[in-house]
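In our numbering, the protein residues as written are 4 to 657.
Heads up: the structure comes next, in structure tokens.
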Amino acid sequence: MIGTNDKDSTPLWSPSADAVAASNMVAFMSLVNERHGVSLGGYDELHAWSVANPALFWDAIWDFTGVIGKKGNVLLTDEEKMPGAAFFPEARLNFAENLLRGEDSDVALLFNNEGETHEPVTRAELRRDVARFAAVLKSWGVGKGDRVAAFMPNCPETIIAMLAAASIGAVFSSCSPDFGVKGVLDRFGQIEPKVLVACDGYRYAGKVLPAHDKLAEIIAGLPSLEHAAIVPFIGEGPKNIEKAQDWVALLDAAPETGLSFTPLPFSHPLYIMYSSGTTGIPKCIVHSAGGTLLQHLKEHSLHCDLRPGETLFYFTTCGWMMWNWLVSGLAAGVTLALYDGSPFAPSGRVLFDYVDAAKINVFGTSAKFIDAVKKSGLSPRETHDLSSMRMILSTGSPLVPESFDFVYEEVKDDAALCSISGGTDIVSCFVLGAPVLPVWRGEIQAKGLGMAVEVWDESGTPVTGEKGELVCTRPFPSMPVGFWNDADGAKYRGAYFERFPGVWCHGDFAEITAHGGIVIHGRSDATLNPGGVRIGTAEIYAQVEQLPEVQEALAIGQDWQGDVRVVLFVVMSEGAVLDEAMEKQIRTRIRSGASPRHVPAKIVAVADIPRTKSGKITELAVRDIVHGREVKNREALANPEALALYRDLAELKS
4 MIGTNDKDST
14 PLWSPSADAV
24 AASNMVAFMS
34 LVNERHGVSL
44 GGYDELHAWS
54 VANPALFWDA
64 IWDFTGVIGK
74 KGNVLLTDEE
84 KMPGAAFFPE
94 ARLNFAENLL
104 RGEDSDVALL
114 FNNEGETHEP
124 VTRAELRRDV
134 ARFAAVLKSW
144 GVGKGDRVAA
154 FMPNCPETII
164 AMLAAASIGA
174 VFSSCSPDFG
184 VKGVLDRFGQ
194 IEPKVLVACD
204 GYRYAGKVLP
214 AHDKLAEIIA
224 GLPSLEHAAI
234 VPFIGEGPKN
244 IEKAQDWVAL
254 LDAAPETGLS
264 FTPLPFSHPL
274 YIMYSSGTTG
284 IPKCIVHSAG
294 GTLLQHLKEH
304 SLHCDLRPGE
314 TLFYFTTCGW
324 MMWNWLVSGL
334 AAGVTLALYD
344 GSPFAPSGRV
354 LFDYVDAAKI
364 NVFGTSAKFI
374 DAVKKSGLSP
384 RETHDLSSMR
394 MILSTGSPLV
404 PESFDFVYEE
414 VKDDAALCSI
424 SGGTDIVSCF
434 VLGAPVLPVW
444 RGEIQAKGLG
454 MAVEVWDESG
464 TPVTGEKGEL
474 VCTRPFPSMP
484 VGFWNDADGA
494 KYRGAYFERF
504 PGVWCHGDFA
514 EITAHGGIVI
524 HGRSDATLNP
534 GGVRIGTAEI
544 YAQVEQLPEV
554 QEALAIGQDW
564 QGDVRVVLFV
574 VMSEGAVLDE
584 AMEKQIRTRI
594 RSGASPRHVP
604 AKIVAVADIP
614 RTKSGKITEL
624 AVRDIVHGRE
634 VKNREALANP
644 EALALYRDLA
654 ELKS
């Protein structure tokens, strides 16, 4: 476990007995016990049963969450094949139909753009606009399997476009408007969309950023494109862009045909999503409607304990899988609180202001945001009410123990703090929160129900209390349908199943704790190997980033004299300097908090750290630059100009 101390001997938070008894998790367990004649008495027993009986478990999830559709008689075929297993092969359902249920007057969507709030969207209004845009798509000849792409902020129109596409069986794919032209074409160019939904611009950190020039290039670079619908997000509209029409005018002129849903197979493609790595052109990962729906309903209803009438928030863009995860909350009957823009504009209070104004119950963000709030000196519990917020979710990178402390000391001491981890690859989580379990400092609470998660050593032996590869040994519904343009499945198998044949190897360096929790120590491909000992980069960051003088850090392994040496790059806080005394302090902190093996051979101050569009730091890109290799997919980065800071550094030549 990262950085254990006396604080780790008791939980930071535990659910009350009444809360556990009233939870959806316990209600689901009662359904399983009654239906299958078992007597499961707690989370560990329920999890063990769920992975031992995948067909029965996912069948129970279908019924418990009230999936709309025809299930069929066959629950699972080729159960032992991974990949190759098929869940509910006879089923027919529609993803959009399941998200659009609920009372007309219920609020479906709230929207906040850097503190500027918009009128709530009711379920009736959402259904009306989905029906209108579905009619537009049909008039353009869009049908099953056609691709509808979106270059959009996280706003209601993006959700309307996705649901309209899903209602008729089209496949939806999105990027956020901060992507450059090449980044968009690297993604959408592979999937050849028929329709593009795009904004005329967006706002970030108080600035209005028009997108017309970008859009003209994107549309010109997509020969498959027949139509573009331009949302006047900054109030300017299409401005004579080729193939483009105004979104508002299109919806106003759409025939009132009413909402209809095309019944589709469980495995019908719903989303195409993209790997964010920098090692080549992005992989196009195809996710199914049924698998996405069932997995998200499980995570929202059971792991987040969401109920109709509650409000769910996640800070995300449309270029990150957490947007897809957030949107599915509609199927659980909740209100979605959408936000677009900087989380620090107009100030670091803006998201906490939103919690109070919208009465957000489940608040999702990134580990980096929590760290940034901590370093800014904010104490939200002193400045805000936050009484509605019962759960805080964190993902994007490992949440260090000190950030757990900060949340419970300075944000809210009676909320469940759930670090979660999974990814674009499965559009969901392998490990996440469980509202019936305590929160232990520095740990993810639990393996996901139905997810046969283990940690394996190099020989493929399961281990506890040791670091190794996070794997999943049994099939689950949200495994990708495959990769786009990968007819024989070779790329798909190569991505997840080559390391341990027949077992999903996720690429996370992880550890199962004595409590049954999980710690993620970083990505396996970024793991350091000095002297042949595997070290997770997160273990280093957990120590050095607690120093107030260090704003952020990035560690790589540099090939050096027949071995690998650890190099640590640090962005210093304003007014701080990396001098000899500071280097000594950093090394001492790492040695005492982690181990002598973690201590870097070189520490170098840099002005910036390259990161992906979803905010993840990119150790691999820096490692390539340091070793004189070019980064192949610079468009995956939010700030590719930062790579130049790492090229030909004199400090790394001795």
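We put the beta carbon where it would ideally sit given N, CA and C, even for glycine.
Because the structure is a prediction, the values reported are computed rather than measured.
Within the region 403-487, the runs of alpha helix (DSSP H) at least 4 residues long that lie entirely inside it are, in chain order, 404-409. A distance of 7 angstroms or more separates the beta carbons of A340 and S304. Between the region 492-505 and the region 313-328, the count of Cβ pairs shorter than 8 angstroms is below three; the stretches do not touch. By the C-beta density criterion, V569 is buried, having at least 16 other C-beta atoms within 10 angstroms.
In the structure shown, L267 adopts extended strand secondary structure according to DSSP, grouped into three states. The alpha-carbon of L262 is positioned some 44 angstroms away from that of V410. D582 sits in coil when the DSSP states are folded into three classes, being neither helix nor strand. In this structure, DSSP gives S53 a helical state, which the three-state scheme calls helix. Secondary structure note for T161: its alpha helix (DSSP H) is the uninterrupted segment P159 to S170. Cβ neighbours of G425 within its own chain (closer than 6 angstroms, five residues either side excluded): S431, C432 and F433. Secondary structure note for D21: its alpha helix (DSSP H) is the uninterrupted segment A20 to A24.
For H299, the enclosing alpha helix (DSSP H) starts and ends at A292 to K301. The distance from the Cβ of V234 to that of E160 is about 5 angstroms, consistent with a contact at the 8 angstroms cut-off. Using a Cβ distance threshold of 7 angstroms, A556 and V573 count as a contacting pair. In the DSSP secondary-structure assignment, R206 is bridged to V211. CA-to-CA, the gap between V151 and Y495 works out to about 23 angstroms. Between A208 and the set V547, E119, A167 and A292, the nearest pair of CA atoms involves E119.
In the three-state reduction of the DSSP assignment, A517 falls in the coil class. With a beta-carbon spacing of about 6 angstroms, L420 and F407 fall inside the 8 angstroms limit used to define contacts.
Here K73 carries a strand assignment [DSSP, helix/strand/coil]. Here E313 is buried. Its C-beta has 16 or more other C-beta atoms within 10 Å.
It is roughly 10 angstroms from the alpha-carbon of D388 to the alpha-carbon of A360. When secondary structure is reduced to three states using DSSP, R568 falls in the strand class.
Closest by C-alpha distance to L571, out of S270, V625, I163 and I523, is V625.
With a beta-carbon spacing of about 5 angstroms, S170 and A137 fall inside the 8 angstroms limit used to define contacts. Per the DSSP secondary-structure output, T125 pairs in a beta bridge with V110. Under the three-state reduction of DSSP output, P272 falls in the strand class. By the criterion of at least three beta-carbon pairs nearer than 8 angstroms, the region 114-129 is not in contact with the region 175-189.
Excluding its 5 nearest sequence neighbours in each direction, N101 has C-beta neighbours in its own chain below 7 angstroms: V70, I71, L296 and A334, listed in chain order. Nearest in C-alpha terms to T476, of all of Y499, G485 and F366, is Y499.
Scanning P465, Q448, G560 and S382 for the CA closest to the CA of L15 turns up Q448. CA-to-CA, the gap between T265 and V35 works out to about 31 angstroms. Between V145 and V198 the beta-carbon gap is near 6 angstroms, inside 8 angstroms, which marks them as a contact. For E638, the secondary structure class from DSSP, reduced to helix, strand or coil, is helix. Where A545 is concerned, the enclosing alpha helix (DSSP H) starts and stops at T540 to V547.
For the 7 angstroms CB-CB criterion, L166 and V139 do not form a contact.
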